[in-house]
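Asks:
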Ligand code: SF4
């Protein structure tokens, strides 16, 4: 059962302007709260953290985790590695390496081997979504999957204030002069959007773009604003900073500059949408997050909220209902409940689709109309964003009902389709069509894959 209260609510004042202190695998044992764990438990964490990167900070540890409730605490599970996040064979492989006094390169080799078995680039991200400029330049820092929205991965935003244990990402660092890099990447992004009048939205994503210092962030944004792109209507920023480090918008030394950049977007007549990642009600309870939300909203930005549904963290309809209500109260718009992706520790966090729909339905029934802006549960799968609409009976046959909220072909959007009832199915790939040999999108998706392969090889 997920936790619904946070007894540590008032530990830090909003005026305390704390400095961030980060913890990773290298200083895990220095976290004061870790002292109460046995050597065996710490070893288990270290084994897992060799594969699924670990990072937390003083705010997460002191404000968000209820240590009296560990190991059951949702925020603890969200940020700290647990033995069963690795399948037992993978756990055994890494544990035996670590027990033999290994050289760093042996650990890395084993970590890479295991990671490759965890589908590190789900939903065709590598081969299907890489955009190409008219002059043939391939833009590996971008993805263009849906007609109207392009994703942009700024190099300096590929890490986060803390890492979610369900998320599978490799932090990347660049050794180049950061400002120059931001402007070069920003220029290519602007050029691509200019070449594609159908694009109205750019999503800055990562990692967490809000890890970037205000100066670097504004270099990207100003490059876009200065480019005067008539088709650009919305800039979206996917971020978990409101949850993991709200001081980014409250008291960090450059927080005013970040907020000022937000204001410039608004003044230019472009909508700024903060796609805020909140997994649990506990993340919305501190004074700092409330003030951060207020400060961001005052710039004219709109905050929309999203999270996957996760076993061991938030598979609890009451918690979701309370979380959505709290978000509405704070002026945010509940936007998406996602199904956990087919990558990383999906076996640990995954919720079967039938159960996910039940939780969604129970939760949405408890909130007022303003909270029912939320969509889901939705899978970001290879053909598009697929929502489970429920379970129904057609001519005496029990089926699962789906529709696409987004599709690689826009004509697929909002088309309902049916799959054989399977209460264990956890992802689109587990489903079988209910009445036909294949789903309606399969042939066309194969064609799209072929075309993309050819253009990437040319
Ligand atoms: S903040 Fe986002 S990108 Fe970073 S670890 Fe969490 S889910 Fe992944």
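Numbering (our numbering), first residue to last: 112 to 569. Cβ atoms here follow ideal geometry from the backbone N, Cα and C, with glycine treated the same way. In this text, all values refer to a predicted model and were calculated from it rather than measured experimentally.
1) Closer than 6 Å: is that where the CB of residue 319 sits relative to any heavy atom of the ligand SF4?
2) Among residues of its own chain, excluding the 5 on either side of residue 503, which ones have a beta-carbon nearer than 7 Å to its beta-carbon?
3) Would you check if the distance between the CB atom of residue 299 and the CB atom of residue 245 is smaller than 7 Å?
4) Please work out which residues of its chain come closer than 8 Å, Cβ to Cβ, to residue 407, disregarding the five sequence neighbours upstream and downstream, and give them in chain order.
5) Tell me the DSSP secondary structure of residue 130 in three-state form.
6) For residue 401, I'd like the list of residues in its chain whose CB is within less than 7 Å of its CB, leaving aside the five on either flank, ordered along the chain.
7) Under the three-state reduction of DSSP, which class applies to residue 547: helix, strand or coil?
8) Roughly how many whole angstroms lie between the Cα atoms of residue 345 and residue 255?
9) What's the gap between the Cα of residue 319 and the Cα of residue 389?
10) Should residue 192 go down as buried or exposed, given a rule of 16 or more other Cβ atoms within 10 Å for buried?
11) What span of residues does the beta strand (DSSP E) with residue 388 cover, start to end?
12) Considering only DSSP beta bridges, list what residue 503 is partnered with.
13) Considering only heavy atoms of the ligand SF4, does any lie closer than 6 Å to the CB of residue 274?
14) Quick one: using the 10 Å Cβ neighbour count with 16 as the cut-off for buried, is residue 101 buried or exposed?
15) Given 8 Å as the limit, is there contact between the stretch 457-476 and the stretch 546-554, that is, 3 or more CB pairs closer than that?
16) Between which two residues does the alpha helix (DSSP H) carrying residue 203 extend?
17) With three or more beta-carbon pairs closer than 8 Å as the criterion, would you say the stretch 136-151 touches the stretch 161-172?
18) Using three-state DSSP, classify residue 363 as helix, strand or coil.
19) State the DSSP-derived secondary structure class of residue 467, mapped to helix, strand or coil.
20) Quick one: complete beta strand (DSSP E) runs, 3+ long, within the stretch 259-346?
21) Rounded to a whole number of angstroms, what is the C-alpha to C-alpha distance between residue 301 and residue 253?
22) So, for residue 559: in the same chain, excluding its five sequence neighbours on each side, which residues have a beta-carbon less than 6 Å away from its beta-carbon?
23) Kindly list the residues whose CB is nearer than 6 Å to the CB of residue 283, restricted to its own chain and excluding five residues on each side of it in sequence; keep chain order.
24) In whole angstroms, what is the alpha-carbon distance linking residue 138 and residue 161?
25) Nearer than 6 Å: is that true of the beta carbon of residue 443 relative to any heavy atom of the ligand SF4?
26) Tell me, which residues are paired with residue 168 by DSSP?
27) By alpha-carbon positions, which one of 456, 271 and 417 ends up nearest to residue 443?
28) By Cβ distance below 7 Å, which residues in the same chain neighbour residue 221 in space, the five residues on each side in sequence not counted?
29) Using the Cα positions of residue 399 and residue 527, report the straight-line distance between them to the nearest angstrom.
30) Could one say the Cβ of residue 513 lies closer than 7 Å to chain D's Cβ atoms, at least one of them?
31) Just to confirm my understanding: we take residue 365, look at its own chain, exclude 5 residues before and 5 after, and list those with CB closer than 8 Å. What are they?
32) Per the DSSP calculation, residue 481 is bridged to which residue(s)?
33) Do you know offhand how far residue 550's Cα is from residue 515's?
34) For residue 530, which residues does DSSP report across the bridge?
35) Taking 6 Å as the cut-off, is the C-beta of residue 166 nearer than that to any heavy atom in the ligand SF4?
Replies: Reading off the structure:
1) yes
2) Closer than 7 Å at Cβ, skipping near neighbours: 510 and 512.
3) no
4) 353, 360, 370, 373, 385 and 414
5) Looking at residue 130 - three-state DSSP - the assignment turns out to be coil, as it is neither helix nor strand.
6) 441
7) Looking at residue 547 - three-state DSSP - the assignment turns out to be coil, as it is neither helix nor strand.
8) 15 Å
9) Whole-angstrom Cα-Cα distance: 13 Å.
10) buried
11) 382-388
12) 510
13) yes
14) Shown here, the chain extends from 112 to 569; a query on residue 101 therefore has no answer.
15) Under the 8 Å Cβ criterion, the stretch 457-476 does not count as touching the stretch 546-554, having fewer than three qualifying pairs.
16) 199-209
17) yes
18) coil
19) helix
20) 260-263 and 312-315
21) 12 Å
22) 519
23) Any answer about residue 283 is weak, because its pLDDT of 42 lies below 50 and its placement is not dependable; what the coordinates show is given next. Taken in chain order, the residues that qualify are 269.
24) 13 Å
25) no
26) 133
27) With distances taken between Cα atoms, residue 443 lies closest to 417.
28) 204, 205 and 208
29) 42 Å
30) Among the protein chains of the structure shown there is no chain D, as only one such chain exists.
31) Cβ contact annotation for residue 365 (same chain, cutoff 8 Å, sequence separation greater than five): 324, 325 and 326, in chain order.
32) In DSSP, residue 481 forms no bridge with anything.
33) 12 Å
34) 511 and 544
35) With a cutoff of 6 Å, residue 166 does not count as near the ligand SF4, since its C-beta is closer than that to no heavy atom of the ligand.
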